[in-house]
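Since the structure comes first, as structure tokens, the remarks are kept for the end.
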Amino acid sequence: MQAQRTAAALAIALAAPAALAATWSDTFIGYRYGTGFREPNNVNDVEKHVLQFTHASGYSIGQNFVNLDILQSDDKDPSSGNAIGGGNGATEFYLTYRHQIHLGKAFDKNLAFGPVKEVALTAGFELNTKNTAFAPRKRLIVAGPTLKFDVPGFLDVSLLAGKEWNHCGLNPGTPGGLDPCPKSDVSFEPQWIISVSWGIPFQAGPVPLKFQGFLNHLSEKGKDYAGVKTEAEILMRTSLMVDVGQMVSGRKNTFLMGVGYELWRNKFGNHAFASGREKPGIDTDTPTFQMEWHF
Numbered sequence: 251m252q253a254q255r256t257a258a259a260l261a262i263a264l265a266a267p268a269a270l271a272a273t274w275s276d277t278f279i280g281y282r283y284g285t286g287f288r289e290p291n292n293v294n295d296v297e298k299h300v301l302q303f304t305h306a307s308g309y310s311i312g313q314n315f316v317n318l319d320i321l322q323s324d325d326k327d328p329s330s331g332n333a334i335g336g337g338n339g340a341t342e343f344y345l346t347y348r349h350q351i352h353l354g355k356a357f358d359k360n361l362a363f364g365p366v367k368e369v370a371l372t373a374g375f376e377l378n379t380k381n382t383a384f385a386p387r388k389r390l391i392v393a394g395p396t397l398k399f400d401v402p403g404f405l406d407v408s409l410l411a412g413k414e415w416n417h418c419g420l421n422p423g424t425p426g427g428l429d430p431c432p433k434s435d436v437s438f439e440p441q442w443i444i445s446v447s448w449g450i451p452f453q454a455g456p457v458p459l460k461f462q463g464f465l466n467h468l469s470e471k472g473k474d475y476a477g478v479k480t481e482a483e484i485l486m487r488t489s490l491m492v493d494v495g496q497m498v499s500g501r502k503n504t505f506l507m508g509v510g511y512e513l514w515r516n517k518f519g520n521h522a523f524a525s526g527r528e529k530p531g532i533d534t535d536t537p538t539f540q541m542e543w544h545f
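Going by my numbering, the first residue of the sequence shown is number 251, and it counts up by one from there.
Below, the structure written as structure tokens:
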């Protein structure tokens, strides 16, 4: 009996790497640039250069996605210790990770219906840090179901439950609670997130194109650091990319270049001060220039 258990355990151990071995992968370094970014409580448009590292891969019953954005602002979004319009701009690191289990594959069932080809369970997290006086340290965990649609490329629609923790470095603990952030650390209330992501390749005459992006609608998440109720937040980043590598060398999905757009409403759930006056800098509308090198 012990020998059978040992053999079974060994079989499972040997099968696990095969089950998790990547069946496909896509890794790229990206760059995007825009001049109309906004930051809460800042009246200025901000110029940003964004370096992006992205990896996506699939295995027998699921897939992984990880993205790191390194965002460098100009001096209109100053780093800690620098005044607006002088010194260095802030640097932000934003990490996103998502993992999907494809339930139809996991349970060997056909879960397709209508235009949906698969049902998945998605879970992941987001982390950020930025060297401003505010000094945010976002920690967000998410989980929920995803519908995967039968389209060229991919189209995923997820309903996620989220929980966020964050930090504010603006003079916490001032007597009387008169400072911008009476609480330096906040555990926000749970929220719902509707997340749509897509990457649709298509052809326009001789030009190979790709329409890609994501749209997130995040519900309110309770009160912020100053005790002000947050509001629902919308973030969309989308782009239309030309597959330059395919046009020049015949190699698909190697070098892409195009234009994009970022729309952000009530950034981070912000909308007003405690007095009721609307905060500046909570809405972004900016075109972007983008490049991707896949390898």
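Ideal Cβ positions, reconstructed from N, Cα and C, are used throughout, including at glycine.
When the Cα atoms are used, Lys-380 and Lys-359 turn out to be separated by approximately 45 Å. Put simply, the backbone Cα of Ala-454 is about 48 Å away from that of Lys-473.
In this structure Leu-410 touches Ser-445 by the C-beta definition: roughly 6 Å separates them, less than 8 Å. Contact between Pro-365 and Phe-399 is confirmed by a C-beta separation of about 5 Å, below the 8 Å threshold.
Three or more Cβ pairs closer than 8 Å define a contact, and the stretch 376-392 meets that threshold against the stretch 337-344.
DSSP, reduced to helix, strand and coil, places Lys-433 outside both helices and strands of the structure shown, so it counts as coil. Looking only at Ser-525, Gln-496, Val-494, the smallest Cα-Cα distance to Gly-477 is reached by Ser-525. In the three-state reduction of the DSSP assignment, Lys-380 falls in the strand class, which pools E and B. Going by DSSP, Val-498 is part of the alpha helix (DSSP H) stretching over 494-499. Taking C-beta atoms under 8 Å as the contact rule, Ile-279 and Gln-302 qualify, at a distance of about 7 Å. Counting along the chain, Gly-354 sits inside the alpha helix (DSSP H) bounded by residues 353-356. The stretch 476-542 contains, as complete alpha helix (DSSP H) runs of 4+ residues, the segments 494-499 (chain order). A straight line joining the alpha-carbon of His-305 with that of Lys-326 spans about 31 Å.
Just so you know, the alpha carbons of Thr-536 and Glu-512 end up roughly 5 Å apart. The C-alpha of Lys-298 is placed about 10 Å away from the C-alpha of Arg-288. Listed as beta-bridge partners of Arg-389 by DSSP are Leu-377, Trp-415.
Annotation for Arg-348: Phe-315, Thr-372, Gly-374 place their beta carbon closer than 7 Å to its own, counting only its chain and skipping 5 residues before and after. A distance below 7 Å separates the beta carbons of Thr-534 and Trp-514. Residue state for Ser-469 is assigned as coil, using DSSP reduced to three classes. Residue pairing by DSSP puts Lys-298 in a beta bridge opposite Gly-284, Ser-323. In the assembly as shown, Glu-439 is an exposed residue. Its beta-carbon has fewer than 16 other beta-carbons within 10 Å. Around the beta carbon of Val-457, a 10 Å sphere encloses fewer than 16 other beta carbons of the protein chains shown; the residue is thus reported as exposed.
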